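Asker:
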Amino acid sequence: MARVLINLPAQAKRGEIIEIKTLIAHPMETGYRLGRTGVVFPRDIINGFVCTYNGEQVFRAELFPAIAANPFIAFFTVATESGEIAFSWTDDRGETQTEVRQITVE
Amino acid sequence: MRNGWLSLPTRRLVLLAGAGFSLTPHAVASPAEMDEVIRNLIGEATIKRGKVMLELPPIVENGNVVPLTVSVDSPMSEANHVTAIHIFNEKNPQPYVATFNLGPRAGRAGVSTRIRLADSQRVVAIARLNDGSFWSDSADVIVTLAACAEG
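First to last, the protein sequences are chains A and B. Numbers given in the working numbering equal positions in the first sequence, counted from 1, plus 43. Numbers given in the working numbering equal positions in the second sequence, counted from 1, plus 129.
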């Protein structure tokens, strides 16, 4: 599957607002680009992104072809408790890639 | 006055002409289409200016990767928070850029991403608050190398 970069603190204080930065390798083919033969490259983008914190959704994004290749999304969340933060990207073919990171909250 | 009338449009026309070559022969969104899409989103509500801050570079050399940051002045409490941030553009093939859904768990209403711009144009960010009100900000960007130029 695609290469993913996720940047978030491994530890945080309870109630602290942390920034999470994510990037996934993807061409984000717009469906508007012409190849050498004049045929349009079919659209193939990541259209959805969800972040859950111990199973509860804390952030969701709907993406369109106007998002640059290798979509980068940075956002904030409150460190409430220790556990798992999961990230899921869904593309036009319906395939989903999920990555999980641990966070320790004191 | 005559001089001013001549020089400014000429400069713009040159920029527009340059961008025109790069576009594929597909439909291109217009400012009117963007307004229509925004109207469909907000319904009868009115959009107020303020609270939202949309940060984009005023001039970009490469329209394929344009850093965008949007933040909303909000306490992000249960009683008062941002539920969604919508980004629109005027002149890409589609007026939509992205929609971000957030809530009190975000702590701070701020999102950064990287977008594509097919032409020099205005980008609009609209935030929806949990009380049903809409707030917006816009930014004008001059693009010297449009996205899709290599297509």
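The C-beta atom is built at its ideal place from N, Cα and C for all residues, glycine as well. Computed from a predicted structure; not experimentally measured.
With distances taken from CA atoms, which of A:I88, A:R103 and A:I89 is nearest A:T95?
Answerer: Checked all of A:I88, A:R103 and A:I89; the closest Cα to A:T95 is A:R103.
Asker: To the nearest angstrom, how far is it from the Cα of B:L152 to the Cα of A:E127?
Answerer: Because B:L152 carries a pLDDT of 44, less than 50, the predicted location of this residue cannot be relied on, and no value is offered for it.
Asker: Give me the subset of the region 102-116 of chain A whose CB atoms are less than 9 Å from a CB atom of chain B, sorted by chain position.
Answerer: If the cut-off is 9 Å between Cβ atoms, the region 102-116 of chain A has F102, R103, A104, E105, L106, F107, P108, A109, I110, A111, A112, N113, P114, F115 and I116 near chain B.
Asker: With a threshold of 6 Å on Cβ separation, who are the neighbours of B:I188 within its own chain once the five nearest residues in sequence on each side are excluded?
Answerer: So the qualifying residues of the chain are I271.
Asker: Only counting runs of 4 or more residues, tell me where the alpha helix (DSSP H) segments fall wholly within the region 143-216 of chain B, in order along the chain.
Answerer: Entirely contained in the region 143-216 of chain B, the alpha helix (DSSP H) runs reaching 4 residues are, in chain order, 160-171.
Asker: Can you tell which of B:D202, B:G261, B:D260 and B:N193 has the C-alpha that lies nearest to the C-alpha of B:R237?
Answerer: Closest option to B:R237, Cα to Cα, is B:D202.
Asker: Classify A:R86 as helix, strand or coil using the three-state DSSP reduction.
Answerer: The answer is coil: DSSP assigns A:R86 none of H, G, I, E or B.
Asker: Can you tell me the Cβ-Cβ gap for B:V195 and B:R251, rounded? I've got them flagged as a contact below 8 Å.
Answerer: So it is not a contact: roughly 13 Å between Cβ atoms.
Asker: Select from A:Q100, A:V121 and A:F92 the residue whose C-alpha is nearest the C-alpha of A:D135.
Answerer: Answer by Cα proximity: A:F92.
Asker: Could you tell me which uninterrupted alpha helix (DSSP H) segments, each at least 4 residues in length, are contained entirely in the region 110-136 of chain A, listed from first to last along the chain?
Answerer: Correct list: empty.
Asker: Given that a residue counts as buried once 16 or more other Cβ atoms are within 10 Å of its Cβ, and exposed if not, what is A:A55?
Answerer: Classification of A:A55: buried, given that the 10 Å Cβ count is 16 or more.
Asker: Counting only Cβ pairs nearer than 9 Å, list the residues of chain B close to A:F119.
Answerer: Those within 9 Å of A:F119 in chain B are M205, L231, A235, G236, R237, A238, G239 and V240.
Asker: How close, in whole Å, do the beta carbons of B:I214 and B:V199 come, if the pair is a contact with beta carbons under 8 Å?
Answerer: With a Cβ gap of about 6 Å, B:I214 and B:V199 count as contacting.
Asker: Kindly list the residues whose CB is nearer than 8 Å to the CB of A:F115, restricted to its own chain and excluding five residues on each side of it in sequence; keep chain order.
Answerer: Correct list, in chain order: K64, T65 and L66.
Asker: For B:M163, collect the residues of the same chain with a Cβ closer than 8 Å to its Cβ; drop the 5 residues on either side in sequence, then sort them by chain order.
Answerer: Same-chain partners within the cutoff: F217, N218, E219, P224 and V253.
Asker: Could you tell me the alpha carbon to alpha carbon distance between A:L51 and A:G58, rounded to whole angstroms?
Answerer: Computed Cα separation, rounded: 15 Å.
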